[in-house]
Amino acid sequence: MLIVDELPFSFVEREGFRKFCKAINPHFVVPSRPTTTRDCYSFFIDERKKLVNVFKNLSSRVCLTTDTWTSGQNLSYMCLTAHFIDDDWNLHKRIINFCLIVGHTGVLIGRAVEKCLIEWGLKNILTITVDNASSNYVAINHLKNVLNHWECGVMKGAFLHMRCAAHILNLVVRDELLDVNLSIKKIRTLVKYVRSSPARLQKFKAAVEEEKIESKSLVSMDVETRWNSTFLMLESAMKFKKAFSNLLLKDSNCAKELRKCEGGLINDKDWVIVNSLLPFLKIFFDATKRFSGSRYVTSNAYVHEIFGIGNVIDGFAMHSDKSIKSMALKMQAKYKKYWGDITKLNQFLFIGVVLDPRRKWQYIAWLVEESFEEKKACTFLSNLDSNMRVLFDLYNASMPQKEKDEEVSSSTSKASPSSMWGHEVVMDIEELMTKRFEMAMGSSETILKKTELDKYLGEDREAMDANFDILKWWKIQKCRYPVLENMARDLLAIPVSTVAFESAFSTGGRVLDCFRTSLTPRMVEALVCTQDWVCDSHDAINVDDILLEIEKIEDGG
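Residues 1 to 557 (UniProt numbering) make up the sequence shown, in order.
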């Protein structure tokens, strides 16, 4: 309970808790604070041993994400998380390190990760997802050298580095919000005013009824460092534009409050600016939610999402509305800054799409050819095909021959020449000549045999079903594609975001609570890691539902 609910160790000494325990079981002896502290740490050690054993027996590769947290004393902690798919095709996420780091240099970060990998006995690393900080480039280069020294780097670490998609989206949105900050401030002031007291809220409700606006919920306040809440605030405020105008006419205090805001009273231009911004925030809001899932595969959707975002922005750039068009042109420049150069995108993500049986190579070829001029598209696709086949050959070479033989034995076994001509074989001429022809073709060095990859690509694609379970599909196909199954298991485990959904929208940093800030770094790591391990089944947070619940409480519902 203390670990799961992030309660302070002193909780066991509180009178209310002791009375509760006594009421439940009068004979139960409530442990002291020091005993509870020791028990929690011992539990961490036991759980860590179990996880070390899981990694020891894991046949798949592990993908890492790194993230930085800050304590109340302004100390920096590095959070290292392992992502992998087990033999039964279940996706896992485990925090394996939460350590204090002194300084943010790339070398220090790289060495901290290296130390952690050694402690856990982890060497089979496929990718490391990091944010766009320049220090991370140095850290990745350090780790690439380490993995290559261990002879564990896949393709010499050429695609080890994964850039966090949620962080890039945050950078784009942050820039856009700064451009229209004055208009947002005015709407925030209006919302804050109507939410500041029950009397003001009632006046606003009266204005809503007078304007005949139908809505299940009213406006919600945002948290300035979480842009998703700003988007939801602006989206709801637009619905009540007429009600706000009504309130400003009838409530002089509201107008007085707004005049204090930089830029003065809200005007039509402010509403036009916000209305133009909303379609873009909606795109990034939805994409960030999809990128930041830790309970489902995201690597096969990354390419699809970013190219889709580019297409939508291009469409808005040709919009008849000048405000939307102007906003789109700004967004185009930012989009090209981060995603305009296809050669800088990690090719493992493209191969991940190829291993999605609903899309395969045809989808990637279509997407690239539609988005780039012919020469550039042709060069990229040729390079991608080459790297995909090199990767397949690496996986094929690393598989035990027995597994490959078992899969192909039934389809490739043929009679030997001696058995064909022996007295025990009786067959007609057509069958005899067919068998001899098949043997000749099978043994001819001039005939190229189809690989598993070729067979997979040559088969029909699955239907584009939104409920398609890609992990289940590959689990079923293991016998048909033993090499590709291993390859898909690793590539589909790649996380495209360093942070979980509930943190993905933050333009600030992740901050430790007051209780954890007061603990030693060793105990902080024990509590953070153990909570992650025992709370693995927790559902993702639905921000919309939480905001709606807060509104109900504030409204007295």
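Each residue gets a CB set at the ideal place from its N, CA and C atoms; glycine is no exception.
Keep in mind it's a predicted model, so treat the numbers as computed, not measured.
With 16 other Cβ atoms within 10 Å as the buried cut-off, status of residue i
i, result
"Thr66", "buried"
"Glu305", "buried"
"Asp131", "buried"
"Met388", "buried"
"Val524", "buried"
"Cys164", "buried"
"Ile364", "buried"
"Gln347", "buried"
"Thr434", "exposed"
"Cys479", "exposed"
DSSP three-state assignment for residue i, whether helix, strand or coil
i, result
"Ala206", "helix"
"His319", "coil"
"Lys93", "strand"
"His142", "helix"
"Phe240", "coil"
"Tyr41", "helix"
"Ile125", "strand"
"Cys99", "strand"
"Ser294", "coil"
"Leu258", "helix"
"Ala158", "coil"
"Trp533", "helix"
"Ala463", "coil"
"Ser76", "strand"
"Thr288", "helix"
"Cys116", "helix"
"Ile3", "coil"
"Phe380", "helix"
"Ile429", "helix"
"Arg48", "helix"
Sub-8 Å separation of residue i and residue j beta-carbons
i, j, result
"Leu491", "Tyr296", "no"
"Ser60", "Phe84", "yes"
"Thr37", "Phe9", "yes"
"Ile313", "Ala333", "no"
"Val154", "Ile273", "no"
"Leu367", "Phe307", "yes"
"Lys93", "Ser294", "yes"
"Cys535", "Phe98", "no"
"Glu452", "Leu484", "yes"
"Leu355", "Ala206", "no"
"Tyr338", "Asn486", "no"
Rounded straight-line distance, which links the Cα of residue j to that of residue i
i, j, result
"Ser220", "Leu232", "8 Å"
"Glu235", "Ala243", "14 Å"
"Val499", "Pro26", "44 Å"
"Phe316", "Tyr302", "21 Å"
"Ala466", "Arg358", "10 Å"
"Arg259", "Leu265", "5 Å"
"Glu119", "Glu373", "48 Å"
"Arg436", "Glu459", "28 Å"
"Leu147", "Ile476", "32 Å"
"Glu151", "Arg48", "26 Å"
"Glu532", "Leu2", "It is worth fixing the name first, because residue 532 is Asp in this sequence and not Glu. Computed Cα separation, rounded: 13 Å."
"Phe468", "Trp474", "11 Å"
"Arg14", "Asp46", "28 Å"
"Ser217", "Val191", "13 Å"
"Leu7", "Val172", "37 Å"
"Glu431", "Met439", "12 Å"
"Tyr456", "Ala158", "25 Å"
"Tyr41", "Thr379", "55 Å"
"Ala377", "Glu369", "5 Å"
"Arg226", "Leu201", "24 Å"
"Pro279", "Asp5", "37 Å"
"Phe17", "Pro31", "11 Å"
"Arg510", "Lys325", "The predicted model places Arg510 with a pLDDT of 46, which falls under 50 and marks its position as unreliable; any figure quoted below should be read in that light. Straight-line Cα distance between these residues: approximately 35 Å."
"Lys336", "Tyr77", "32 Å"
"Thr35", "Ala23", "22 Å"
"Glu262", "Ala255", "13 Å"
"Pro521", "Cys116", "15 Å"
"Gly352", "Lys186", "44 Å"
8 Å Cβ cutoff, residue i in contact with chain B
i, result
"Glu369", "No chain B appears in this structure, which consists of one protein chain only."
Cβ-Cβ separation, residue j to residue i (assumed contact under 8 Å), whole Å
i, j, result
"Ile140", "Ile128", "6 Å"
"Tyr193", "Glu257", "5 Å"
"Ser135", "His104", "5 Å"
"residue 558", "Ser215", "This structure cannot speak to residue 558, because the chain is shown only from 1 to 557."
"Asp270", "Ser386", "Not a contact, Cβ separation roughly 53 Å."
"Ala112", "Ile95", "Not really, about 14 Å apart at Cβ, beyond 8 Å."
"Val107", "His161", "Rounded, the Cβ-Cβ distance is 16 Å, inconsistent with contact."
"Asp298", "Pro495", "The amino acid at residue 298 is misidentified as Asp; the sequence shows Thr. Confirmed, Cβ separation roughly 6 Å."
"Ser382", "Ser323", "Going by Cβ atoms, the distance from Ser382 to Ser323 rounds to 42 Å, so no, they are not a contact pair."
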